[in-house]
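Have a look at the structure below, then the notes.
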Amino acid sequence: MKDLRRAALINAASDRKIILTASTGTDHKDFYAKVKMEVYCEQKERIGEHMDGGKYVCNPKKVKRDCTLVSLGLNNQIGYDKHIFEVTGRRCKILGADKGAQKPETIEAYASMNGGRTFVGKIPDELTILKMMESSGRDEVELLKIDIEGGEHTGLEPLIKDYFVCQILIEIHGTPAEHLRMLQTMAKYGFRLFNIDPNPVCVECCEYSLINELCMAQFGAIPLAMTIPAKEE
Numbered sequence: 029m030k031d032l033r034r035a036a037l038i039n040a041a042s043d044r045k046i047i048l049t050a051s052t053g054t055d056h057k058d059f060y061a062k063v064k065m066e067v068y069c070e071q072k073e074r075i076g077e078h079m080d081g082g083k084y085v086c087n088p089k090k091v092k093r094d095c096t097l098v099s100l101g102l103n104n105q106i107g108y109d110k111h112i113f114e115v116t117g118r119r120c121k122i123l124g125a126d127k128g129a130q131k132p133e134t135i136e137a138y139a140s141m142n143g144g145r146t147f148v149g150k151i152p153d154e155l156t157i158l159k160m161m162e163s164s165g166r167d168e169v170e171l172l173k174i175d176i177e178g179g180e181h182t183g184l185e186p187l188i189k190d191y192f193v194c195q196i197l198i199e200i201h202g203t204p205a206e207h208l209r210m211l212q213t214m215a216k217y218g219f220r221l222f223n224i225d226p227n228p229v230c231v232e233c234c235e236y237s238l239i240n241e242l243c244m245a246q247f248g249a250i251p252l253a254m255t256i257p258a259k260e261e
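Adding 28 to a residue's 1-based position in the sequence shown gives its number in our numbering.
Put into structure tokens, the structure is as follows:
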């Protein structure tokens with residue numbers, strides 16, 4: 029592990045320049061290949077579907093008791109939601125949202141998970157994550173899953189600016205430059221990358237998993253080096 033961290037620190041400046049250059053092009057696969065991990069998580073676990081829809085979580089069993097799980101983008105496909113609820117010991121409150129109303133069986137399944145709630149509205153135009161938190165009386169998010177077809181570009185920052193979040197599991201859509209801007213936004217608030225998983229059915233989509241620096245000890249994550257170039261204000 030010492031050698032891994034030493035190598036990451038030595039190459040960090042070069043890696044940042046390489047990522048920045050790759051972001052100016054149009055080759056998504058090249059950009060994904062240039063993105064380097066900033067954190068090592070030995071107990072990394074895939075939650076949910078094996079193809080599109082699954083997310084990598086760092087040591088999910090280490091969540092706090094009565095934690096809050098937030099899942100944005102349901103589309104009546106809640107394999108991730110059910111799986112993460114079980115893996116975290118059924119001790120967390122889960123909040124889900126989608127731009128369209130969910131089927132009764134989806135709503136019932138959510139309610140059966142420790143009184144979980146679903147919300148309807150397009151984020152951030154019709155529904156904000158802040159409103160979800162306020163109406164549910166929750167003030168922190170342990171695991172935040174986001175798959176909202178481009179809404180992440182404007183919907184995420186208000187939440188991580190005003191609420192404490194431990195892990196972000198996000199699918200980013202758009203050009204390499206747009207991917208980098210989102211990674212830079214999350215980095216600005218102390219989130220470090222521990223997994224990247226390009227979407228096999230959408231070349232412009234990629235799954236990223238990040239952890240808050242303040243949560244690394246809780247989940248057993250080890251910092252390597254900061255490889256996402258700082259965002260110019």
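The beta carbon of each residue, even a glycine, is placed where N, CA and C say it ideally should be.
What does a CB cutoff of less than 6 Å around Cys233 pick up in its chain, not counting 5 residues either side in sequence? Within the same chain, Cys233 has close Cβ partners Glu199, His201, Asn227.
Looking at the unbroken alpha helix (DSSP H) that takes in Ala186, where does it start and where does it end? The displayed chain sequence assigns Pro, not Ala, to residue 186. 185 to 190 is the extent of the alpha helix (DSSP H) around Pro186.
Looking at Glu170: is its Cβ nearer than 8 Å to the Cβ of Cys95? For Glu170 and Cys95, yes; Cβs fall inside 8 Å.
Start and end of the beta strand (DSSP E) containing Ile224? 219 to 226 is the span of the beta strand (DSSP E), which, as asked, contains Ile224.
Counting beta carbon pairs with one atom in the segment 155 to 162 and one in the segment 182 to 189, are three or more of them shorter than 8 Å? Counting Cβ pairs under 8 Å, three or more are found: they touch.
In terms of alpha-carbon separation, which member of Leu252, Glu235, Leu242, Pro257 lies closest to Ile75? Taking the Cα of Ile75 as reference, the smallest distance to any Cα among Leu252, Glu235, Leu242, Pro257 is reached at Glu235.
If you check the beta carbons only, do Gln11 and Leu252 fall under 8 Å apart? Absent from the structure is residue 11, since the part of the chain shown begins at 29 and ends at 261.
What does DSSP give as the partner residue(s) for Gln195 in the beta ladder? Gln195 pairs with Leu171, Ile239.
Where Glu270 falls, given that 16 or more other Cβ within 10 Å makes a residue buried: In the structure displayed, the chain extends from 29 to 261; residue 270 sits before or after that span and is not available.
Helix, strand or coil: how does DSSP classify Lys72 here? Strand.
4-residue-minimum alpha helix (DSSP H) runs that sit fully inside the segment 44 to 103, ordered along the chain: Taking only runs of at least 4 residues, the alpha helix (DSSP H) segments lying wholly in the segment 44 to 103 are 56 to 62.
Alpha carbon of Asp349 to alpha carbon of Lys30, nearest angstrom: An answer regarding residue 349 cannot be provided, because it is not within the stretch 29 to 261 covered by the chain.
Does DSSP put Val334 in a helix, a strand or coil? Since the displayed the chain opens at 29 and closes at 261, residue 334 lies outside it and no answer follows.
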